[in-house]
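Residue numbers (full-length UniProt numbering): 1 to 233.
C-beta atoms are modelled at their ideal positions from N, C-alpha and C, and glycine is treated no differently.
Quick notes on the structure that follows.
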Amino acid sequence: MLIADSDAASVEQLARPLELQGMQVCRCTDVERLRNRLAHTQWDMVMLNLRIAGPLGLDLLREASAVAHPAAMVVTGHGMTETDRIVALELGADHCVDQRCSPAEMLAVVRALLARRAASPDADDVAGRDKDAHFAGMRYDPLLRLLHTADGRSRRIRTAEADLLMRFLRNPRHVFRREELLGETEAEGLARNPRGADVLVSRLRAALGPEHWELIRTKRGRGYFLSCDVLWH
């Protein structure tokens, strides 16, 4: 796990309780060193205070969320507003947490996110393969969370977006109410947010790519639905 903040004391405040639980923690207080570590090391989790990058904090979050194998991303801060949290979630954060929370709450967040990550195996852990979903010229491998596009490119879908995509793929053209879509997203900090479903759908649309933005359509006053057919084989 990587904890990044420009304030060394804040890093220690987060790191020590986690290390007491046997977790391996790497500390970082310099933005250039952080970028290097994000680019060259695959992390299970990154706890990021955006002030480490000054006014470019949101750009840093976007970069960290766009790598090939993104870590579970927790944005930390003091006195984060609802707008701060919504923007962070829209840019790829899995959870937002106030650094003034108790060590027990922080540990619960970390364990929940790591458990979800562990439940989604990487290629090296796969002994067999389930059927893939074929839709709109794309192929989605749910076991690896890999989306293969018509132009031959592949990208891994983050856990929360992958959960949402599977709900749509299993029920094409079914309209889901917003509260239904948030049923399994509490670990990501979205369920308590009135805009949580909209944020999650926006992230899924971005993952599918701009050319497929209209695949997830809005039914005014009701919710969202996948607007194409799906074949499994």
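- Shown here, residue 86 sits in a helix according to DSSP, grouped into three states.
- The C-beta separation of residue 173 from residue 208 comes to about 16 Å, leaving the pair out of contact by the 8 Å criterion.
- Secondary structure note for residue 171: it is in no alpha helix (DSSP H), with a DSSP letter that is neither H nor E.
- CA-to-CA, the gap between residue 151 and residue 137 works out to about 9 Å.
- In this structure the region 17-29 touches the region 94-108; the number of beta carbon pairs closer than 8 Å is three or more.
- Three or more Cβ pairs drawn from the region 58-71 and the region 34-47 lie within less than 8 Å of each other, which places the two stretches in contact.
- Non-local beta-carbon contacts of residue 11 in its own chain, meaning distances under 7 Å to residues more than five positions away in sequence, involve 3, 5, 27, 29 in chain order.
- Going by DSSP, residue 95 is part of no alpha helix (DSSP H) but of the beta strand (DSSP E) stretching over 95-98.
- CA-CA distance, residue 177 to residue 37, rounds to 40 Å.
- Contact check for residue 92 and residue 114: beta-carbon distance about 17 Å, past the 8 Å limit, so the pair fails to qualify.
- Contact between residue 76 and residue 34 is ruled out by a C-beta separation of about 14 Å, above the 8 Å threshold.
- Of the other Cβ atoms in all chains shown, 16 or more fall within 10 Å of the Cβ of residue 142; this residue is therefore buried.
- Taken atom to atom, the span from the alpha-carbon of residue 100 to that of residue 78 is near 7 Å.
- With fewer than 16 other CB atoms across the displayed protein chains lying within 10 angstroms of its CB, residue 102 is exposed.
- Distances from the CA of residue 156 to each of 220, 165, 146, 217 were compared; the closest alpha carbon is that of 146.
- Judged by their CB atoms, residue 221 and residue 175 are not nearer to each other than the 8 Å cut-off.
- Straight-line spacing of the CA atoms in residue 144 and residue 95 works out to 22 Å.
- Within its own chain, the residues whose Cβ lies closer than 6 Å to the Cβ of residue 149, once the five positions on either side in sequence are excluded, are 138, listed in chain order.
- When only Cα atoms are considered, residue 153 and residue 140 end up about 12 Å apart.
- Using a 10 angstroms sphere on the CB of residue 39, the tally of other CB atoms stays under 16, which defines it as exposed.
- Closest by C-alpha distance to residue 134, out of 166, 165, 233, is 233.
- Sequence-distant partners of residue 8 (beyond 5 residues in either direction) whose C-beta falls short of 8 Å from its own C-beta, in its chain, are 27, 29.
- Comparing C-alpha distances from residue 198 to each of 218, 212, 42, 231 shows the shortest one belongs to 218.
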